[in-house]
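Just so you know, the sequences run in chain order V and H.
Here the first sequence is numbered in numbering that gives the first Met the number 0, starting from 0 and rising by one per residue.
Here the second sequence is numbered in numbering that gives the first Met the number 0, starting from 0 and rising by one per residue.
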Amino acid sequence: MKKRFLSLILVLAMVVSLVSACSKEGADKKVESSDKGTTSDASKEETNKDDSSSEKVEISFYSTQTGMDDKFEDIIAKFEEENSNIKVEYIAAGDNQLQKWMSLYASNEGPTVSLMDPINIWENQDRMLVLDPNENPWMDQVYESAYASYIFDGDIYAIPISTQGYGLLYNQRVLDEAVGGTFDPDTIKTRDDLINLFDKIEASGTPATMITGVNWSIGMHYLALTYAGYRDSREIEKTVVEESRAGTFDLANDEVFNSLMDTFDLLAKYNYNKSDPLIGNIDLDAEALATGKVGTWFMGDWSWVQLKDIADRDTEFGILPIPVSNDPSDERNLKIPASQPKGYCIDTSQNTVEQQEAGKKFIEFICFNPYAQEIISDTMGATLPYENVTVKSDSPLADATAWYSEQGRTLDISNFILLPSDFWYENGASMEAYLSGAIDRETLATQVSNYWKNN
Amino acid sequence: MVKKKASIRIFLLFVVPAMFIWITVVLIPFIYGLFITFTDWNGLSMDYNFIGFDNYKSVFLDNTFIESLKKTFVYSFSSVVFSNLLGLAIALILTCKIKGQNLFRMGFFTPNIIGGIILGYIWNFIFAFALTSFGRMSGIEFFEKSFLTDPKKAMIALIIVTTWQMSGYLMVIYIAGLINVPKDVIEAAEIDGAGWWKKIRYIKLPMIRSSITICVFLTITRTFMAFDINLSLTAGGPYKSTEMISYKIYQTAFSNMKFGLGQAQAVVLFIIVAIISIIQVTVSRRGEVEA
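Here it is in structure tokens:
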């Protein structure tokens, strides 16, 4: 009898734990609603007023911007304070931003607002809300050119969070010492000028440049320039991609590819990490540039996040374009690639119209509210692509990007959306092999061409 | 009649909850997974097409899949051999009543408590910084470059870490087996003049045959489906040279966004692992000895 009783209790315990595990979702919701209960208790008079008119809308915000979780939570808290009828759940992406996104959609919990790369939005545009500037006048505050990566078939699908540029970051002090005087980036107009500069830096006793041997940097930011930015028009770029897919594009003999790779060889020759080029440690590399162990670094203005906290760092940094020819009148040699790499989009497939409207409000807030702008500009060290921005970033690299933008000296790389989302991973591996000397340029061209054929 | 009622009640109480869990977390996802293999779904899109066995065809036509299968075999075979040898050796030493054997047992078991991801990052640091610094200071060229930036050495690094992690776990199973070897049998062997090697070879090993079966089975399945170490130690690099099968499947599904194809690869992996495990278990069961 005793035993029976014991086994009954055990079984009950198991069933209870099972049921509670299965209904965790429900439990969470319950906690939320009871939370709501306490807040409405606290401010009963307020809620009583518009109790009947306003139901609380719950939305979610999925962010793929790393290192910003606390900051986004702060912005959300402020937003909820000003919009008491909207509750925003923050969801941070893990290491693999697509995986988490896919599982959210698979469990029918697609985020209302997602901060994603253009290619991800493009590939899933059938789920996304078209943002019409006529219906949403606040959209006019975004620079028109900043929408380039988010316009598909004439419709706008997302609001960019920042403008970011990249190229050869340089340490002003090291370069000043190398050239004997103040270094002016405009003196570098050709590849030979760059070689000249590198020789001077090496002569002053410092390694000239540095490549971080990671797939996203050399596979996406460098190799992808073959398909976007360095050609005469976006139409030509589109044709190149189409021909690549069809297997008719002769990459090995392509002028842009070879020019870019000639410069890449140059960078590899003077590479600070030459002895072990794939070691690929972004923190150590940032430290090397910040403290003047190396003169230049192929990276972007986003790395200010790493640079700024390094003790004893130098204060002045800038960005140099990547010259691809020896023609001083070649405009491409004077421009840096810049784009709006992430944007806020709104889901329509798993969110109600009320949620979508709340999502719009949230995007408007996070983009244009001075409090939010200050946080984003400060933490990301990025240029905000909006009109009438009053906050000033403390990042000299963001300033450099802004300066190139103002001068009209940016290369339009919005056609990166033509590249499949695994471009950086697959071809990054080929670029790594090339950088380490395991394959030659011909093999690299063959591997990249084969990649296209399989896509 | 009463008996029948009681047995139904017991069935409902004990079997139904377990069945329910098994069906919801194993069976349904498995069937759903099989269903996806016949589609071209990318994991996100709202609609998909049925494409029959095309995904399975592409699995076998894909050279990179075959390549990573080969790499997995090499990795798995080496890890199974080394971790079992090491685990058994440690177990034999730690059942000889040496001083502080409990402390040693705990020490060797610890790597197993640390999760694969953290372990991978720790060893990443060791290979990339500690060993390279040692190489530069001592002038030994072999250590000057990181193990993780050379395709062959990166694979060796994976095998080293896996062996290090798993041998402690296997040690525990082997110790349990060795302790249960009857003392009288060993004493009898000693009286007959058996030395330490003969005692191991003819007495201990045959008596712990079931432990060996369990350990080999465990290591085969675990190494074949190794993912966390692959991700955190090498991330498939340098240039995809250590991309093993589970990692490859993950990349196909979540980076290349070919969910159907990735799922088909997973089904193929499932079949391979199932076949190997069945062969291994039946072969080693045949020779087991009861004391």
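We put the CB at the ideal spot given by N, CA and C, even for glycine.
Selection from the options that minimises the alpha carbon distance to residue i
{"i": "H/Y31", "options": "H/K69, H/V160 and H/V266", "result": "H/V266"}
{"i": "H/I278", "options": "H/L147, H/F223, H/F216 and H/I228", "result": "H/F216"}
{"i": "V/V456", "options": "V/V304, V/A287, V/G299 and V/E242", "result": "In this structure chain V extends from 0 to 454, so residue 456 of chain V is not present and cannot be described."}
{"i": "V/K360", "options": "V/S348, V/I118, V/C344 and V/Q349", "result": "V/C344"}
{"i": "V/F415", "options": "V/H220, V/Y385 and V/D311", "result": "V/H220"}
{"i": "V/Q140", "options": "V/S413, V/M430, V/Y385 and V/E353", "result": "V/Y385"}
{"i": "V/I459", "options": "V/Y156, V/F263, V/M260 and V/D192", "result": "No answer is possible for residue 459 of chain V: the residues shown for chain V start at 0 and end at 454."}
{"i": "H/S231", "options": "H/V160, H/K69 and H/G194", "result": "H/V160"}
{"i": "H/I174", "options": "H/Q164, H/L85 and H/T36", "result": "H/L85"}
{"i": "V/D191", "options": "V/V112, V/D261 and V/G218", "result": "V/D261"}
{"i": "H/K182", "options": "H/Y47, H/C95, H/D53 and H/F108", "result": "H/C95"}
{"i": "V/E286", "options": "V/I278, V/D313 and V/A267", "result": "V/D313"}
{"i": "V/E88", "options": "V/G66, V/I58 and V/R331", "result": "V/I58"}
{"i": "H/T220", "options": "H/K239, H/F72, H/G119 and H/S276", "result": "H/S276"}
{"i": "V/N225", "options": "V/V323, V/V112, V/A147 and V/S328", "result": "Checking the sequence, you will find Thr at residue 225 of chain V rather than Asn. Of the candidates V/V323, V/V112, V/A147 and V/S328, the one whose C-alpha sits nearest the C-alpha of V/T225 is V/V323."}
{"i": "H/M165", "options": "H/T109, H/A252 and H/V24", "result": "H/T109"}
{"i": "V/W423", "options": "H/D61, H/C214 and H/Q250", "result": "H/Q250"}
{"i": "V/D326", "options": "V/S258, V/S148 and V/Y450", "result": "V/S258"}
Contact list for residue i against chain H, beta-carbon separation under 7 Å
{"i": "V/N95", "result": "F253"}
{"i": "V/S59", "result": "Those do not exist, as V/S59 stays about 16 Å from chain H at its closest Cβ, beyond 7 Å."}
Under 7 Å by beta carbon: chain V residues contacting residue i
{"i": "H/K239", "result": "A428"}
{"i": "H/A265", "result": "Residues of chain V passing the Cβ test: none, with the nearest at roughly 15 Å."}
Any non-hydrogen atom of the ligand HEM closer than 7 Å to residue i Cβ
{"i": "H/R221", "result": "Judged by which ligands are present, the structure shown has none, so any question about the ligand HEM falls away."}
CB contact flag (residue i, residue j, <8 Å)
{"i": "V/Y142", "j": "V/A92", "result": "no"}
{"i": "V/Y104", "j": "H/L43", "result": "yes"}
{"i": "H/T212", "j": "H/R285", "result": "no"}
{"i": "V/A251", "j": "V/E108", "result": "no"}
{"i": "V/Y165", "j": "V/T295", "result": "no"}
{"i": "V/G427", "j": "V/W215", "result": "yes"}
{"i": "V/R233", "j": "V/D411", "result": "yes"}
{"i": "H/K203", "j": "H/L177", "result": "yes"}
{"i": "V/A145", "j": "V/P132", "result": "no"}
{"i": "H/L33", "j": "H/I199", "result": "no"}
{"i": "H/S145", "j": "H/F126", "result": "yes"}
{"i": "H/F59", "j": "H/F49", "result": "no"}
{"i": "V/Y478", "j": "V/K341", "result": "Since the first residue of chain V shown is 0 and the last is 454, residue 478 of chain V is not available in this structure."}
{"i": "V/I85", "j": "V/V56", "result": "yes"}
{"i": "V/G291", "j": "V/V173", "result": "yes"}
{"i": "V/G407", "j": "V/P336", "result": "no"}
{"i": "H/T148", "j": "V/L277", "result": "yes"}
{"i": "V/G212", "j": "V/E373", "result": "no"}
{"i": "V/V239", "j": "V/R230", "result": "yes"}
{"i": "V/Q305", "j": "V/T162", "result": "no"}
{"i": "H/F253", "j": "V/M101", "result": "yes"}
Beta-ladder partner(s) of residue i, from DSSP
{"i": "V/A91", "result": "V/S62"}
{"i": "V/Y146", "result": "The partner list for V/Y146 (beta bridge, DSSP) is empty, contrary to what the question assumes."}
{"i": "V/L167", "result": "V/F297 and V/L319"}
{"i": "V/T445", "result": "Its beta-bridge partners do not exist; DSSP assigns none."}
{"i": "V/A337", "result": "V/G164 and V/D411"}
{"i": "V/V388", "result": "Partner(s): none; V/V388 has no beta bridge."}
{"i": "V/N270", "result": "V/T208"}
{"i": "V/F151", "result": "V/D154"}
Whole-Å CB distance - residue i paired with residue j, under 8 Å assumed
{"i": "H/N255", "j": "H/M243", "result": "Rounded, the Cβ-Cβ distance is 16 Å, inconsistent with contact."}
{"i": "H/I158", "j": "H/F81", "result": "7 Å"}
{"i": "V/L434", "j": "V/I210", "result": "7 Å"}
{"i": "V/D300", "j": "V/P110", "result": "V/D300 to V/P110, Cβ: 27 Å. No contact."}
{"i": "V/Y370", "j": "V/K77", "result": "6 Å"}
{"i": "H/S78", "j": "H/T222", "result": "5 Å"}
Partner residues on chain H for residue i, Cβ-Cβ distance less than 8 Å
{"i": "V/I309", "result": "Within 8 Å Cβ-Cβ: nothing; V/I309 doesn't reach chain H, min ~18 Å."}
{"i": "V/E431", "result": "G236, P237 and Y238"}
{"i": "V/S435", "result": "T148, P237 and Y238"}
Under 8 Å from the C-beta of residue i: neighbouring residues of chain V
{"i": "H/Q250", "result": "D421 and Y424"}
{"i": "H/A127", "result": "I278 and N280"}
Closer than 9 Å at the beta carbon, the chain H residues around residue i
{"i": "V/Y104", "result": "G42 and L43"}
{"i": "V/D125", "result": "S44, M45 and D46"}
{"i": "V/S348", "result": "M45"}
Within chain V, partners of residue i - CB distance below 9 Å
{"i": "H/K144", "result": "S274, D275 and I278"}
{"i": "H/M256", "result": "L97, M101, E122, P419, S420 and D421"}
{"i": "H/A187", "result": "Simply none; closest approach about 42 Å."}
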